[in-house]
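Some notes on the structure that comes next.
2 protein chains.
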Amino acid sequence: MSATVTLMHVAREAGVSPSTVSRILNGTANVTPDKRERVEAVIQRLNFAPNVQAQALANGRSFSVGVLTQKLSSAFYGETLAGIEQGLDGSPYHPLVVSGHWRAKQEQQALDLLMRRRVDALIVLGGVIEDAALQRVAAQVPLVAVGREVSGLPERCVLIDNHAGIRQVVAHLAGLGHRDIAYIGGDECQQDAVERREGFEDAVREMGLPFQPHLMLTGNYTEASGEQAAAELLASDLPFTALVCANDQMAFGARLSLYRRGLRVPEDISLTGFDDLFSSRYTTPPLTTVHQAVNELGQLAAETVLRLLAGEHPRMSPYVPQLVIRESTGPASGVPRTTPRGAH
Amino acid sequence: MSATVTLMHVAREAGVSPSTVSRILNGTANVTPDKRERVEAVIQRLNFAPNVQAQALANGRSFSVGVLTQKLSSAFYGETLAGIEQGLDGSPYHPLVVSGHWRAKQEQQALDLLMRRRVDALIVLGGVIEDAALQRVAAQVPLVAVGREVSGLPERCVLIDNHAGIRQVVAHLAGLGHRDIAYIGGDECQQDAVERREGFEDAVREMGLPFQPHLMLTGNYTEASGEQAAAELLASDLPFTALVCANDQMAFGARLSLYRRGLRVPEDISLTGFDDLFSSRYTTPPLTTVHQAVNELGQLAAETVLRLLAGEHPRMSPYVPQLVIRESTGPASGVPRTTPRGAH
DNA sequence: GACGATTTTGAAAGCGCTGTCAAGCGTAGG
DNA sequence: CCTACGCTTGACAGCGCTTTCAAAATCGTC
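If you read the protein sequences in the order shown, they are chains A and B.
Going by my numbering, the letters in the first sequence line up with residues 1 to 344, in that order.
Going by my numbering, the letters in the second sequence line up with residues 1 to 344, in that order.
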């Protein structure tokens, strides 16, 4: 592996001082055109690329923004990451992504890593780590949180108004004549799972529908858990005409359980999700769900971080997601789920 | 923002030299227990975290592995990334992910960035950049490519045997009695799209099925393109009983087109994909597809990189994907797609 | 042509850490 | 008691870059 070429080599080769090369690289000061040309030619010829670590060390900024995500393979956070990358594009900053897997300990390790890498700022996506840990970090670098609240840093958090999102779902279903609505929630160690469930309960009451706790099950936001919860619900033989899932993935799972039982969507059962993952547009039938502009939220987070780094004091405000009505919801059938057309 | 604490501070506070602190940090040499304890206490108290950039500069290794991916939001690469992260876990190395968006120019920029960050090794996932560019980089750092060939670096590439994958699909369908099989391919600027199409054509001939070019369309690996291609196919009124898609996402799109036309899967049309995305298990009906162990491939890539860094000379071999038969394929219906049950 | 005001340039001192080298210490053997 | 050897430790010179500071070069003006 060829020895790396340094700024020093370039300087010597071009017959100027290192300082001059540095100045040309960063546009820090004027340089006479002929020297500039000479240096640039040498840079080309030697294929010189400045060592970012050295730059970081010398001027105290690493030009990287740490991103604490949870799962790289998650469609949800993946889209947010893409948004962040996009939002940072054009700036000199680059994202440094680490995942915490929804484990406080791993999240802490990830944060430590990012701090050791001396990131200039931090974006936190969800997570279960205590606020205190984040506050500690926020004392060192500008921090923006998406989809989670950090006490003490209200203006640095984009919250999703889960309450409002679920209310729209319930209102939509109520409008279609549904009265017996089942619910599959997420694991309540995640804040949004709590909010969505509470939102559901509140909305049901507000709309004057019967509140039926026995129609409410809990999954863990995965397809498999949605499938299982739906299976239990169906096995219980309790009547319901609509099934609200706390996220799209569980709705996908539930969809499969319905299919296995030979139940049609939306004719027999109306089904809804939450998140509006990209693939929700392509389920059979396309899923009615609550749209979160995840990509845009990522961009917003990135832009906010850039503004913080520029010394501004932007404040973020909660985001109200929007119901997207597709084809998985329809008018309530007369008799709730009476005669399955025979299990598949 | 509090001033960052350096190794120097720790040394002074503990009454030892910087060298000693460094030695304790890296376990480079013996240190008497009492000093070690004193230093460790100070590190704790001051919450000292070594500056990775400085370490990198001083000893010439950044302990980061550059990963050139294409789209952060892609389910396919997301899973591979997760595998890489997993494979690197436990080692002192960390991934540094940049995406190229299937554009040669952006991929080049991404590579430049990674080189400037002085990554110790590189993993390339797919991409359309010329081999020459990768060879150039490979001259500087160990490189591993997944899902793409790099001429001159045969042992550094895990190739997917797309040919074999598609053959399994066609054989499966032929075994079910299908003779008129339609095909939706990917954009042939991607190598695997070419291989899959060729694999399809070869397999059709081998199985003694009629080769029908008019049943072969091209999409771009997105759901939307699959949807559209399938719509065209159906509108053409050419008879076929099975639809093979070059990837799962297009199969999802095609599924929607079929649904809109009121065609049942698999009763009216058998449908297959390629990739076995996680969500393929949850489509209605679950999709028969070709499984690629993407996560495992990511892990494999990471492990190979670690071995390269350790000075070994591992060689990678092509990966043969496996057909996963689920419920979207069934026996060929007597008359190919005659009476749609009425468009939805 | 000379003088001061500007601009361009280079020397040198770090940034925070590692690794070499030699000094300092303790121990064992003669 | 002295020498030889092994181990721990600190001083110091970088790693590749930026940035300050002052010297050198350039310009404009009288």
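Glycine residues also receive a C-beta, built at the ideal position from the N, C-alpha and C atoms.
task = Could you check how far apart the C-beta atoms of Val232 (chain A) and Leu209 (chain A) are, in whole angstroms? I think they sit under 8 Å.
result = Locating residue 232 (chain A) in the first sequence gives position 232, counting from the first residue. Locating residue 209 (chain A) in the first sequence gives position 209, counting from the first residue. First, the residue type needs correcting, since residue 232 (chain A) is Glu and not Val in the sequence shown. About 21 Å separates the two Cβ atoms, so there is no contact after all.
message = If the cut-off is 7 Å on Cβ atoms, which residues from the region 81-94 of chain A count as contacting chain B, listed in chain order?
response = Leu81, Ala82, Glu85 and His94
query = Taking all protein chains shown into account, do 16 or more other C-beta atoms lie within 10 angstroms of the C-beta of Arg156 (chain A), making it buried, or fewer, making it exposed?
reply = In the first sequence, counting from the first residue as 1, residue 156 (chain A) sits at position 156. Classification of Arg156 (chain A): buried, given that the 10 Å Cβ count is 16 or more.
inquiry  = Quick check: what's the CA-CA separation for Glu13 (chain B) versus Asp34 (chain B)?
reply    = On the second sequence, residue 13 (chain B) is found 13 positions in, with the first residue counted as 1. On the second sequence, residue 34 (chain B) is found 34 positions in, with the first residue counted as 1. Going by the C-alpha atoms only, they are around 14 Å apart.
key: CA-to-CA distance, Ala302 (chain A) to Gly352 (chain A), given in whole angstroms   = Any answer about residue 352 (chain A) is impossible in this case: the structure gives chain A only from 1 up to 344.
task = Take the Cβ of Gly330 (chain B) as the centre, count every other Cβ of all protein chains shown within 10 Å, and call the residue buried at 16 or more, exposed below.
result = The residue you call residue 330 (chain B) lines up with position 330 of the second sequence. That one is buried.
message = Quick check: Gln140 (chain B) and Met115 (chain B), are their CB atoms within less than 8 Å of each other?
response = For this step, residue 140 (chain B) is matched to residue 140 along the second sequence. For this step, residue 115 (chain B) is matched to residue 115 along the second sequence. Yes.
From B:Leu143, B:His163, B:His101 and B:Ala229, residue whose alpha carbon lies closest to that of Pro154 (chain B) = On the second sequence, residue 154 (chain B) is found 154 positions in, with the first residue counted as 1. Cα-wise, what sits closest to Pro154 (chain B) is B:Leu143.
query = Thinking C-beta only, is Ala82 (chain B) closer than 8 Å to Asn247 (chain B)?
reply = The residue you call residue 247 (chain B) lines up with position 247 of the second sequence. The residue you call residue 82 (chain B) lines up with position 82 of the second sequence. Cβ atoms of Asn247 (chain B) and Ala82 (chain B): not closer than 8 Å.
query = In chain order, what residues of the region 109-124 of chain A put their CB closer than 7 Å to some CB of chain B?
reply = Asp112, Leu113, Met115, Arg116, Arg117 and Arg118
request  = Could you tell me the boundaries of the beta strand (DSSP E) in which Gly185 (chain A) lies?
outcome  = Along the first sequence, one-based indexing puts residue 185 (chain A) at 185. That run of the beta strand (DSSP E) goes Ile181 to Gly185.
message = Mapping the DSSP letters down to three states, classify Ile123 (chain A) as helix, strand or coil.
response = Within the first sequence, numbered from 1, the residue matching residue 123 (chain A) stands at position 123. In the structure shown, Ile123 (chain A) sits in a strand (DSSP, three-state: E or B).
ask   = Taking the continuous beta strand (DSSP E) assigned at Ser270 (chain A), which residues delimit it?
value = Counting from one through the first sequence, the residue named residue 270 (chain A) turns up at place 270. First-last of the beta strand (DSSP E) with Ser270 (chain A): Ser270 to Thr272.
inquiry  = In whole angstroms, give me the CA-to-CA distance for Phe48 (chain B) and Thr6 (chain B).
reply    = One-based indexing of the second sequence puts residue 48 (chain B) at position 48. One-based indexing of the second sequence puts residue 6 (chain B) at position 6. Whole-angstrom Cα-Cα distance: 7 Å.
task = List in chain order: all unbroken beta strand (DSSP E) runs of 3+ residues lying wholly within the region 231-313 of chain A.
result = 242-245, 270-272 and 289-291
request  = Report back the beta-carbon spacing between Phe274 (chain B) and Asp180 (chain B) to the nearest angstrom; my notes put them in contact at under 8 Å.
outcome  = As a first step, residue 274 (chain B) must be located in the second sequence, where it is residue number 274. As a first step, residue 180 (chain B) must be located in the second sequence, where it is residue number 180. The pair is not a contact, with the Cβ atoms about 20 Å apart (cut-off 8 Å).
request  = Return helix, strand or coil for His178 (chain B), following the three-state DSSP convention.
outcome  = Here residue 178 (chain B) refers to the residue found at position 178 when the second sequence is read from its first residue. Three-state DSSP puts His178 (chain B) in coil, outside helix and strand.
request  = Determine whether the Cβ of Gln70 (chain B) lies closer than 8 Å to any Cβ atom of chain A.
outcome  = Position 70 of the second sequence, counted from the first residue, corresponds to residue 70 (chain B). Closer than 8 Å: no.
inquiry  = Counting C-beta neighbours from all protein chains within 10 Å, is the total for Gly219 (chain B) 16 or more, i.e. buried, or is it exposed?
reply    = Indexing the second sequence from 1 puts residue 219 (chain B) at position 219. Answer is buried; the Cβ neighbour count reaches 16.
task = Identify each residue in the region 48-60 of chain B for which the Cβ-Cβ distance to at least one residue of chain A is less than 7 Å, and report them in chain order.
result = Ala49, Pro50, Asn51, Val52, Gln53, Ala54, Ala56 and Leu57
query = If you run the structure through DSSP and keep just helix, strand and coil, what is His101 (chain A)?
reply = Counting from 1 along the first sequence, the entry for residue 101 (chain A) is found at position 101. The answer is coil: DSSP assigns His101 (chain A) none of H, G, I, E or B.
key: The alpha helix (DSSP H) enclosing Leu217 (chain B), as first and last residue numbers   = Against the second sequence, residue 217 (chain B) aligns to sequence position 217. Segment Met216 to Thr218 is the beta strand (DSSP E) holding Leu217 (chain B); no alpha helix (DSSP H) there.
query = Does the beta-carbon of Glu206 (chain B) have 16 or more other beta-carbons within 10 angstroms, so that it is buried, or is it exposed?
reply = Here residue 206 (chain B) is taken as the residue at index 206 of the second sequence, counted from 1. Per the 10 Å Cβ criterion, exposed.
query = From the beta carbon of Ala343 (chain A), is the nearest beta carbon of chain B less than 8 Å away?
reply = Position 343 of the first sequence, counted from the start, is the residue given in the question as residue 343 (chain A). Per-residue confidence for Ala343 (chain A) stands at a pLDDT of 43, beneath the threshold of 50, marking its modelled position as unreliable; the derived number appears in the next sentence. Answer no: the Cβ-Cβ gap between Ala343 (chain A) and chain B never drops below 8 Å.
key: Distance between Asn162 (chain B) and Glu195 (chain B) (C-alpha atoms, nearest Å)   = For the purposes of this step, residue 195 (chain B) is taken as residue 195 along the second sequence, with counting starting at 1. For the purposes of this step, residue 162 (chain B) is taken as residue 162 along the second sequence, with counting starting at 1. Straight-line Cα distance between these residues: approximately 6 Å.
key: Cβ contact (3+ pairs, closer than 8 Å) linking the region 314-330 of chain B and the region 277-287 of chain B   = yes
query = Roughly how far, in whole angstroms, is the beta-carbon of Tyr319 (chain A) from the beta-carbon of Ile160 (chain A), given that I think they are within contact range, below 8 Å?
reply = The count along the first sequence starts at 1 and reaches residue 319 (chain A) at position 319. The count along the first sequence starts at 1 and reaches residue 160 (chain A) at position 160. That pair is a contact at about 5 Å.
inquiry  = Less than 8 Å between C-beta atoms, sequence neighbours within five positions excluded: which residues of the same chain meet that for Ala110 (chain B)?
reply    = Here residue 110 (chain B) refers to the residue found at position 110 when the second sequence is read from its first residue. For Ala110 (chain B), where only same-chain residues beyond five positions count, the Cβ hits under 8 Å are Leu68, Val98, Ser99 and Gly100.
Beta carbon proximity, Tyr259 (chain A) to chain B, threshold 8 Å = For the purposes of this step, residue 259 (chain A) is identified with residue 259 of the first sequence, where counting begins at 1. For Tyr259 (chain A), the answer is yes, since a Cβ of chain B falls inside 8 Å of its Cβ.
task = Within the same chain, show all residues whose beta-carbon is closer than 7 Å to that of Gln106 (chain A), passing over the 5 residues directly before and after it, in chain order.
result = Residue numbering aside, residue 106 (chain A) sits at position 106 when the first sequence is read from its first letter. Answer for Gln106 (chain A): Gly100, listed in chain order.
task = Could you give the DSSP three-state label for Ser19 (chain A): helix, strand or coil?
result = What you label residue 19 (chain A) is simply residue 19 of the first sequence in a count that begins at 1. Correct three-state label for Ser19 (chain A): helix.
Sequence-distant residues of its chain with Cβ nearer than 6 Å to Leu277 (chain A) (five each side left out) = For this step, residue 277 (chain A) is matched to residue 277 along the first sequence. Excluding positions up to five away in sequence, the list reads Ala75 and Asp248.
query = Under the rule that 16 or more other beta-carbon atoms within 10 Å means buried, what is Gln44 (chain B), buried or exposed?
reply = Within the second sequence, numbered from 1, the residue matching residue 44 (chain B) stands at position 44. So Gln44 (chain B) counts as exposed.
query = Considering only residues of the same chain and omitting the five flanking positions on each side of Trp369 (chain B), which have a CB-CB separation below 6 Å?
reply = Residue 369 (chain B) cannot be examined here, being either before or after the span of chain B that is shown, 1 to 344.
message = For Leu323 (chain A), report the span of its beta strand (DSSP E) as first-last.
response = Working through the first sequence from its first residue, we reach residue 323 (chain A) at position 323. For Leu323 (chain A), the enclosing beta strand (DSSP E) begins and ends at Gln322 to Val324.
Among A:Thr28, A:Val10, A:Gly186 and A:Asp192, the one whose alpha carbon lies nearest that of Thr222 (chain A) = Locating residue 222 (chain A) in the first sequence gives position 222, counting from the first residue. Here the closest residue by C-alpha is A:Gly186.
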